[in-house]
Amino acid sequence: EREQLKCLRSLPPVTRDGTAIAIQANLELPRDLEQALDQAAEGIGLLRTEFLFMNRDDLPDEDEQYDILRPIVEGMGGRLVTARTMDVGGEKLAGWMVGRYGEPTNPALGLRAIRLGLREPRLLETQLAAMLRAGAHGPLRILLPMITSVTEVQTVREMMLAVARRLRRRGVRIADPLPPLGVMIEVPGAALSADALTRAVDFFSIGTNDLTQYTLAIDRGDEQVASLYDPLHPAVLRLIQFAVEAALRAGIPVGVCGEMAGDPRYTALLLGLGVRELSMAPPSIPVVKRRIRTLDLVEATRRARVIMDQHDGGRIAALLDDFNAMA
Ligand code: PEP
Ligand code: MG
265 EREQLKCLRS LPPVTRDGTA IAIQANLELP RDLEQALDQA AEGIGLLRTE
315 FLFMNRDDLP DEDEQYDILR PIVEGMGGRL VTARTMDVGG EKLAGWMVGR
365 YGEPTNPALG LRAIRLGLRE PRLLETQLAA MLRAGAHGPL RILLPMITSV
415 TEVQTVREMM LAVARRLRRR GVRIADPLPP LGVMIEVPGA ALSADALTRA
465 VDFFSIGTND LTQYTLAIDR GDEQVASLYD PLHPAVLRLI QFAVEAALRA
515 GIPVGVCGEM AGDPRYTALL LGLGVRELSM APPSIPVVKR RIRTLDLVEA
565 TRRARVIMDQ HDGGRIAALL DDFNAMA
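Set out below in structure tokens:
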């Protein structure tokens, strides 16, 4: 089994009927890069930058962030790196935030991610500057977490343009052209606004961890309700489908980067819904790749249609298990 998975390393993630799927890596820490390269990831689909802000009292400046980002971009040797601006807050609460804003009454619904960045524009500008500079060393795109509206994206895009002008005036080398700007689809409101968002952004990345949490009102970290947390709930699947179809219609790239993308039980369904980019923790790459290589896309698409007519997550899981067992 292990040997078999090892052999997969040099084989491309292509379905049995010949469609290439992009398997990208999620990085939590810079040191995860090695594993992503080991697993021959096609790119970094999600570079989480929360580690820069956690377990410390001060804030990272532009140079510190650039010095961390640049080797990752260079290390990927021309493959795309998707850098997400800080998703601090929520279950990733930094100590200094509590000092500044007090204990949030509901962290998941509070000052988190892009909301924090817009409240503290200097923080976000610093991070955008570091990313623009890192983007001079290889292909990089910028991903915004917890977006709920087009207005937020427009504000950040203007901020990015202003930062770029400032850096150019200083004679600093930055990405040219400027990096694509994309959003996480991880709040139901964003998924339902997918059509409008496609006109404001360059790509989508669907975050099924938070999308499940917010759609079903289940705290993703609360053991007491963990059994109710179900990414196969039809409501979650409909939001995924809605966002994917909007992106495909608009012709912008769309991937999935939540835990769902790294679970081979769900691969057939996601591909059947039209997803062609999956980003996951590096250790998941071999098992997902193996599933992709046994998959017939025409059949997966047909199965996905049947699944989308179901109204129970348990029934959907059973249908998927049946289909996976045939592989
Ligand atoms: C998600 O919400 O699915 C996601 C990928 O982001 P994070 O797990 O970092 O919140
Ligand atoms: Mg998230």
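If you read the sequence shown in full-length UniProt numbering, its first letter stands for residue 265, the second for the next number, and so on. Ideal Cβ placement from N, Cα and C applies to all residues, glycine included.
So residue i is in the alpha helix (DSSP H); what residue range does that whole segment cover?
i	result
glutamine 329	326-339
methionine 424	414-433
alanine 507	498-514
valine 551	549-557
glutamate 541	Here glutamate 541 belongs to no alpha helix (DSSP H); instead the beta strand (DSSP E) covers 541-544.
isoleucine 411	Element bounds for isoleucine 411: n/a, residue is neither H nor E.
glycine 577	577-589
glutamine 299	297-302
residue 596	A query on residue 596 cannot be resolved here, the shown segment of the chain reaching from 265 to 591 and no further.
alanine 460	458-462
glutamate 314	No alpha helix (DSSP H) holds glutamate 314; DSSP gives it neither H nor E.
valine 562	561-571
Leaving out the 5 sequence neighbours to the left and right, which residues in its chain are closer than 8 Å to residue i when beta-carbon positions are compared?
i	result
glycine 522	Glu450, Ile470, Gly471, Thr472, Asn473, Asp474, Leu475, Thr476 and Pro495
glycine 353	Met361, Pro368, Pro371, Gly374, Leu375, Arg376, Ala377, Arg379 and Leu380
alanine 305	Ile287, Gln288, Ala289, Arg343, Pro546 and Ile549
phenylalanine 506	Ala455, Leu456 and Ala458
tyrosine 493	Thr476, Gln477, Leu480, Ile482 and Arg484
arginine 569	Gly536
cysteine 271	none
Could you tell me the boundaries of the beta strand (DSSP E) in which residue i lies?
i	result
leucine 357	Careful: leucine 357 lies outside any beta strand (DSSP E) and carries neither H nor E.
glycine 446	445-449
phenylalanine 468	467-470
glutamate 267	Counting along the chain, glutamate 267 falls outside any beta strand (DSSP E), though it belongs to the alpha helix (DSSP H) covering 266-271.
isoleucine 406	404-408
valine 518	518-520
glutamine 288	286-291
valine 345	345-348
isoleucine 308	308-311
glutamate 384	No beta strand (DSSP E) contains glutamate 384, which DSSP labels as neither H nor E.
For residue i, count neighbouring C-beta atoms within 10 Å of its own C-beta (all shown protein chains included) and say buried if the count is 16 or more, exposed if not.
i	result
proline 335	exposed
proline 444	buried
leucine 542	buried
methionine 424	buried
valine 465	buried
proline 409	buried
aspartate 296	buried
leucine 269	exposed
methionine 448	buried
arginine 432	exposed
arginine 554	buried
For residue i, I'd like the list of residues in its chain whose CB is within less than 6 Å of its CB, leaving aside the five on either flank, ordered along the chain.
i	result
residue 673	Nothing in the structure corresponds to residue 673, since the chain is present only between 265 and 591.
proline 498	His575
alanine 564	Ala532, Leu535 and Gly536
alanine 514	Thr462
For residue i, which residues from the same chain have a beta carbon less than 7 Å from its beta carbon, with the 5 sequence-adjacent residues on both sides left out?
i	result
proline 276	Ala284
alanine 404	The sequence shown places leucine at residue 404, not alanine. Only Val337, Val345, Ala347, Met395, Ala398, Ala439 and Pro443 meet the Cβ criterion.
valine 508	Val518, Leu537, Gly538 and Val539
methionine 572	Leu501 and Gln505
Compute the distance between the beta-carbons of residue i and residue j, then report whether it is under 8 Å.
i	j	result
valine 337	alanine 398	yes
alanine 511	valine 518	yes
glycine 307	arginine 343	yes
leucine 534	alanine 545	no
glutamate 279	isoleucine 556	The question names glutamate, but residue 279 in the sequence shown is threonine. Yes; because the gap between Cβ atoms is below 8 Å, this pair is in contact.
glutamate 292	arginine 312	yes
valine 489	valine 520	no
isoleucine 516	leucine 537	no
glycine 446	leucine 407	yes
phenylalanine 317	leucine 323	yes
glycine 339	leucine 382	no
arginine 567	alanine 532	yes
arginine 529	leucine 584	yes
alanine 400	arginine 437	yes
leucine 461	valine 414	yes
alanine 332	proline 294	Sequence check: residue 332 is isoleucine here, not alanine. Result yes, Cβ atoms of isoleucine 332 and proline 294 sit closer than 8 Å.
Stretch-stretch touch, CB-based, cutoff 8 Å, three pairs: the segment 279-291 with the segment 539-551: Below 8 Å, enough C-beta pairs join the segment 279-291 and the segment 539-551 to call them touching: three or more.
Contact between the segment 559-573 and the segment 326-344 (3+ Cβ pairs under 8 Å): These segments do not touch.
The segment 580-588 in contact with the segment 345-359 per 3-pair CB rule at 8 Å: No: the two stretches stay apart, fewer than three of their Cβ pairs being nearer than 8 Å.
Contact between the segment 384-398 and the segment 420-427 (3+ Cβ pairs under 8 Å): Two segments are said to touch when three or more pairs of C-beta atoms, one from each, lie closer than 8 Å; by this definition the segment 384-398 touches the segment 420-427.
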